[in-house]
Structure formats: structure tokens, C-alpha cells
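This report concerns only the one structure given below.
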Amino acid sequence: MQTGDGAGGFPSGSVPLPRSEGAEASSDDLQEREPLICGTKGSARDALKHHQSSCGVAETRAVLRVRRLKFGKVRPPPTPLDLPTKFCNCGDVAEKIVSTFMQQRLRRKGVAMEGDPRERENRRGSLDEMEMKVARFSRGKAANLGDLRDKKLKGQLAGKEKLIGVSAKAAAQAEKWLLPSVGGYLEPEGLEKTYRFEQWSILPKVDIGSSRKSFDMILPVSLIMVYDHELYEGADRLAVLYAVFGPYTLEYTPNGRYMIVGGRKGHIAFMDMLNMELINEFEVKETVCDVAFLQNEQLFAVAQRKYPYIYNRHGTEIHCLKEHGKSLKLQFLDKHLLLASINSYGQLHYQDMSTGEMVANYSTGLGRTDVMRVNPYNAVIGLGHARGKLTMWKPTSVKPLVTMLCHKGSLTAVAFDRGGHLMATAGGDQKIKIWDLRKFEVVHSYTARAQSLDFSQKGLLASSNGSLVEIYRDCGGQDYKIYMKHRMVKGYQVGKVLFRPYEDICGIGHSMGFSSMLVPGSGEPNFDTFVDNPMETEKQRREKEVQALLDKLQPETIMLDPDVIATVRQLKKKQKKTKKEIEGEIEGAVEAAKNIRVKKKTKGRSKPSRRAKKKEEEVLRAKRPLLDQHKEASGHPDKKLRIGDDTELPKALQRFAKNRQS
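Numbering of the sequence shown is given in this note's numbering, commencing with residue 2 and proceeding in unit increments.
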């Protein structure tokens, strides 16, 4: 053999094994070079001794040296086909030696092998997670084909089940590859606090596209010149007044692409937030209380001084909803295509936007209110009243579903979580409370004022008070702590805060316009294009509108627990029968008694009069238990209670009871 890359086949820098004809290397030489050759212990060393006795010491050393030099880097262990047969005819033993050697080297470098128990645990966990995802995408259990006798049907169902399994597995793998597991939040280091991070310190750390989404928009003001005819130094006095259009309220489309802002003095602006373009703006020259998008961005409603009006995206008035009156708040139920409004007289209206029909009109009986929010989980409307009460309504109930006393003062804001099980309320008693709607109990209470509240898609809570905006984050166990703070410049008074869907953005409507602040981790990073698509085209928008009309839910489906729909109602143990059911049972018993055949008897006992009397007795006997049951159910039992040993009497009547033992 030669040194270097020559005919010997060894890499450069390796030392050839000395072997002369008729001579073999001793076991002492092997023991001296053992750390260089394999460094194996235990079963591998026993295998090496067996290999030495069967194939020769020098050939074994050559095999091990080639394996070590060839697999010096982190590579998978060799297979039996990779072992050179010219050095060794015992492939199984050599494979065991080399694989053990490679496992020890990789284990020292922190790489887990297939046989490693840690790798097996990781694989088992990933397989369990994948099985759960496949089961979720399968949407139900597989059909039981063992009981089918029809071979044709059995084959068809088997083919469909196979396709369902393949598609579910592909969807689970795509979700694992494409969707990020967690969203990004602010991570402090050391003694840092996230609520001390300002917007100017966050903007340099994010990408250019995200940094452009944080801005302050000062909307136009009107210039009013007033002339005073009282002469002052020979000239008229001129007064210049600046009238602002704020405070502003705002609303986003469900996909987060479009936004509409409305000023208190009548300024309306419609914008495309994805391309940062102003689509249209106009003035209604009336007081604007609230704005709301309808089924898409083509139509939106504006609550003005007398009535709510509907406009299209070009600012053209489409309709006037005079039946609603002077509305203070508007909410649109997108699954039911209902526009809900509350007016200054405390009247709640539901109107179908697809047919124009007025579905419901109820009077709350609790006076004027301007606090209104819809629960996205069950489409129940929550109203906050001046006496600290919160009521929940649906269009098919004259009375509220729930009436809660939430605060000692009037309610100023209310918000519902995306899951529908958490509710946040703010009152005049300077308290912010987090409620669990499954038990209708307070989870946490904080001392703070809030004029507006809103939950993000990932569970962050935004509150505004004056010129300060605070963001709360759930730290576990529904314990909300302050996550971020933002104070408006020049003391602008905040009117409404609202998170933008599918973006880490919180929109702020204030007295001078609109502002947008970055809130890392607030938006849902993954969106379903069949539900909300921020990049949808005109054709997709039209198809989605038609699909929404086809999938429209009826008002009867609005309830506190929507999971009850399509389930079987369980009968109560003691369910009272209705009057019609009892009368039907009595008629059935009478007909059955009349059809009983009477035996013929002799000696005058089968006379017609006696036979008629027996039939009457049978009818009375059949009706008796049903009549007694009806009287007991109605609360008028005919039988007198017999006083026994087990009868419990009131104290006033116990002295009249006879002692049976005496």
C-alpha cells in the first residue's frame, strides 16, 4: 500500500497497516492502537474478538480504519451493502461494530440516532401530534365497513374513505409546514418591562412593511371666520375659529383590509389600509354617532343625527332607515345579515339587510344607552346601561336572556373575546372586570378607567382613558397584566380603540383624527382565504357575497349556547304532559274499552241494559287512572292524604295527628 490518494484507496494522511506475507499483526498492536481504531466497549468489543478469530486481526483493523476515515463527519450509519467484502466476509459483525462506533461519536456531538430512546420519544410525540391533526381534518370517524353485505357499496365506501384519509394527511402536513406555531410578542431582557417600550423604539426593529403601518393621521379641520360689527379702532373685529371634526370612531372589515372613520361633526373617510390609499371622503353635515360595514366594503351604515343612512363606497346615499330612529350605536351580524341598532329611547332594532324586513323591535326599559357590542361566538347583543346593568338580547326574545349587575356605576364600555367565553366591562366606579360567561362570574378586577375596550384575535385587551391607551396580555389563568402603553401626542382625547384583524395593529380614533400603533402578537398570523381574505379579488368578493346569502342563518339560531343546535334534546325525568296529550290518551282508553267483547250469559244476565252498564263500567275503569293523573298534575288531587308514620306535617298540625302507637 502507498500513502496518499493512490492505488491503495486510502485517503491522504492515513498510515497503512504493515502486513507481510505469512505474517499477522499481534493482539498487542491492536490493543495499542485501539483508541485510534474504534474505541468501542461492551458488546462491540466482544464482536471484535469474534471477528478477529474468524477473519484475521489485520483485516479487521483495515475495515475499522476505512470506516472511521470515511465516516469521520456526522453522517448516517452505514448499511450492510456499504461494507467492503474484500476485507471482511462477516458483514453482520462489521456492521454492528461500525454502527456502535458511529452512535457513540454522534451522541458525543449531541446528535440523536434512530435507536436512541430520546429520538424515539420525540418521534412518538410528533406522531401523536400528526395523528391528532389528521383526525381533526378527517371530520368524523371512518365508516364501519365490516357489517356491509353489498360488495359494490362496500368497495365504493372503501375508496372514498381512502381518499378522505389521504386528503386529511396532506392537509395536516401542509398545516405543519406552512403555519407558524406561535405569534411574536415583545420579549424583555433582564429587568426590562414591555410596557416601557415606546413606538419609536419598536419601529427600527421591525421590517419596512410593518413600520409603515404605524402612523398618526391628523384629519382636516374647518376654518370659521366670524365678523364682529362692533367697531374697534375704526375697523371690524375678525375672529378666526378652528372647528375640529373629532372625536373619530372607526370600523374595519372582517378581513382587515378596509377601514372607515367617522368624525363627530360629520366627516366620513373610507380607506384601503393594505395599499394605504384614500378611496373616498365626504361630509354629511350632521352629527355622526357610529359607523359600521355591512356584508362587505361596498356598503356601510352611518348613524346620523336623526336616522341611520346606508352609503356605498363612492359616498352615494342608498337608503334611509327611518324605523330605527336616532341611533347611537350600530352592529352588523355577518352570519345572519342583520343590522342591530340602539337608539336614544332605549329601543333595540334588528333589520335584515338581505330582504329589508324588520325582524325585531324591543324596548329595553332601562333608558338611554350608547354601549353596545356583539358576541362573535353566538351573535348575542350585549347592552350596557346607566345603572351598572348589562343585558344580553336575541331577536326572538322580548325579554333579555341575561341581566347582570356588573358595576356600581354606569357601564362605559364592554367587549367580548373571540372565543365568546370572556367578557370585559368598564364602569364609572373606576373598575375593569374580566368575566367568565360560562359561569357568569368575575375572574379578575382591576382599578382603572376605560372609555373603550376591545379584544384582539390573540386575546390581548386594549383600553383607552383620556389620551392614554393601555394593552393588557393574559399571563396565564386569565390574569391580565399591562403589556404596552401609548400616550397620544399633544393630549389628543381617544374616542375608540379597535384591533385590526390579521395584523399586529391597534387603530385609535381620537379628537384630531386617526392613529395606528404596533402591538406585536395581537393579530392572527394565519388566515383562511375561504373565510377572510385580505388579498381577495373582485371575482372572489362576488362569489363570497353569493355564498354568504346561501349560508345565511336564521334569527332563531341566535342563542347563548349555539352548540345545542343539531343535537337531541334530553327529556326530563318528570315532564308534565300537555292537556291535549291527556285528552288523547283518555279518548284512546275509551275506544279500547268500548271494543271489549262481553261474554253471553244465561238467566237474564245478558240483557241489553246489563251489557250497556258493563260497558260503562269498563269505560269508567279505563278513564279513572288518567283522570286522577290529570288532577294531580293540575294541583287539585281528589283523594285525601292519609296520615301515616312517614308523613311529615307542619308544626301547626302535628298536635292534631293521632299517635298510632298508643
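Note that the Cβ used here is the ideal one computed from N, Cα and C, for glycine as well. These numbers come from a predicted model, not from an experiment.
Quiz item: Does the Cβ of F333 have 16 or more other Cβ atoms within 10 Å, making it buried, or fewer, making it exposed?
Solution: F333 should be labelled buried.
Self-check item: Alpha-carbon to alpha-carbon, E442 and P563
Solution: Distance from the CA of P563 to the CA of E442, rounded to the nearest whole angstrom, comes to 20 Å.
Quiz item: Can you tell me whether T370 is buried or exposed, with buried defined as 16 or more other CB within 10 angstroms of its CB?
Solution: By the neighbour-count rule (16 or more Cβ atoms within 10 Å), T370 is buried.
Quiz item: Excluding sequence positions up to five away, which residues of its chain have a Cβ less than 6 Å from the Cβ of K434?
Solution: Answer for K434: T426, V443 and S446, listed in chain order.
Quiz prompt | Contact under 8 Å by Cβ, K323 with S342 | solution = S342 is positioned such that its CB atom lies no closer than 8 Å to that of K323.
Quiz prompt | Residue from A172, F417, V470 and P248 with nearest C-alpha to E132 | solution = Of the candidates A172, F417, V470 and P248, the residue whose Cα lies closest to the Cα of E132 is A172.
Quiz item: Using the C-alpha atoms, what's the distance from E188 back to R137?
Solution: For R137 and E188, the gap between their C-alpha atoms comes out near 32 Å.
Self-check item: C-alpha gap between M485 and P205, whole angstroms
Solution: Taking the straight line joining both Cα atoms gives about 17 Å.
Exercise. In angstroms with no decimal places, state the Cα-to-Cα distance between A45 and K170.
Key: For A45, the predicted model reports a pLDDT of 49, less than 50, meaning its position is unreliable; a value from the coordinates is still stated below. Taking the straight line joining both Cα atoms gives about 41 Å.
Quiz item: Curious, which full-length beta strand (DSSP E) runs of at least 3 residues does the region 438 to 518 contain?
Solution: Restricting attention to beta strand (DSSP E) runs no shorter than 3 residues, the region 438 to 518 encloses them at 442 to 448, 453 to 456, 462 to 466, 469 to 475, 481 to 488, 495 to 500 and 506 to 511, ordered along the chain.
Quiz item: At a cut of 8 Å, does the region 403 to 422 reach the region 385 to 393 through at least three beta carbon pairs?
Solution: The region 403 to 422 vs the region 385 to 393: in contact.
Quiz prompt | Buried versus exposed call for I319 [16 or more other C-beta atoms within 10 Å across all chains shown] | solution = A residue is called buried once 16 or more other Cβ atoms fall within 10 Å of its Cβ, and I319, having fewer, is exposed.
Exercise. Give the DSSP bridge partners of N534, in chain order.
Key: Secondary-structure assignment with DSSP links N534 through no beta bridge to anything.
Quiz prompt | Candidates K601, N527 and L627: closest to K615 by CA position | solution = The shortest Cα separation from K615 among K601, N527 and L627 belongs to K601.
Quiz item: Leaving out the 5 sequence neighbours to the left and right, which residues in its chain are closer than 8 Å to M272 when beta-carbon positions are compared?
Solution: Hits under 8 Å: Y259, M260, I261, V262, E278, L279 and I280.
Practice problem: Could you tell me the boundaries of the beta strand (DSSP E) in which G263 lies? | Solution: Per DSSP, G263 belongs to the beta strand (DSSP E) from Y259 to G264.
Quiz item: Cα separation between E557 and L367?
Solution: About 25 Å.
Quiz item: In this structure, does DSSP put E324 in helix, strand or coil?
Solution: Three-state result, E324: helix.
Quiz item: Is Q352 helix, strand or coil when you go by DSSP?
Solution: Reduced to three states, the DSSP call for Q352 is strand.
Quiz item: In whole angstroms, what is the alpha-carbon distance linking L164 and R570?
Solution: If I take the Cα positions, the gap works out to 35 Å.
Quiz item: Which residues does DSSP pair with S436 in a beta bridge?
Solution: According to the sequence as given, residue 436 is Trp; it is not Ser. For W436, which the question treats as bridged, DSSP gives the partners M424 and V443.
Quiz item: Are the Cβ atoms of D455 and L499 separated by less than 8 Å?
Solution: Yes, they are a contact pair.
Quiz prompt | Beta-bridge pairing of W394 - partner residues as DSSP gives them | solution = Residue pairing by DSSP puts W394 in a beta bridge opposite I382.
Quiz item: What's the call for N527, buried or exposed, on a 16-neighbour Cβ count within 10 Å?
Solution: Classification for N527: exposed.
Quiz prompt | Under the three-state DSSP convention, the category A173 falls into | solution = Helix at A173.
Practice problem: For P626, write down the residues that DSSP places opposite it in a beta bridge. | Solution: DSSP, once it has assigned bridges, lists no residue as partnering P626.
Quiz item: Three-state secondary structure (DSSP) at Q305?
Solution: In this structure, Q305 counts as coil in the three-state DSSP scheme.
Quiz item: According to DSSP, is K600 helix, strand or coil?
Solution: Of the three classes helix, strand and coil, the one that applies to K600 here is coil, per DSSP.
Exercise. May I have the straight-line CA-CA distance separating I597 from E586, to the nearest angstrom?
Key: So the two alpha carbons sit approximately 17 Å from each other.
Practice problem: Just grab the DSSP bridge partners of Y253 for me. | Solution: Among the bridge pairs identified by DSSP, Y253 is matched with M260.
Exercise. Could you check if L355 is buried or exposed, using at least 16 other CB atoms within 10 Å of its CB as the buried criterion?
Key: The residue you asked about is not Leu; residue 355 is Ser in the sequence shown. By the neighbour-count definition (other C-beta atoms within 10 Å, threshold 16), S355 is an exposed residue.
Quiz item: Hey, quick one: how far does the alpha helix (DSSP H) through S342 stretch, first residue to last?
Solution: Note, S342: premise wrong, no alpha helix (DSSP H); beta strand (DSSP E) at L339 to N344.
Self-check item: Option nearest D353 by Cα separation, candidates Y346, K336, S364 and G347
Solution: Answer by Cα proximity: K336.
Exercise. Determine the contact status of L339 and V372, defining contact as a CB-CB distance below 8 Å.
Key: Not in contact: L339 and V372 (Cβ atoms no closer than 8 Å).
Exercise. Starting from N276, follow its DSSP beta bridges and name the residues at the other end.
Key: Paired residues: none, contrary to the question.
Practice problem: Taking only the alpha-carbon atoms, compute the straight-line gap between S457 and Y363 and give it to the nearest angstrom. | Solution: Near 31 Å, if we compare the C-alpha coordinates of Y363 and S457.
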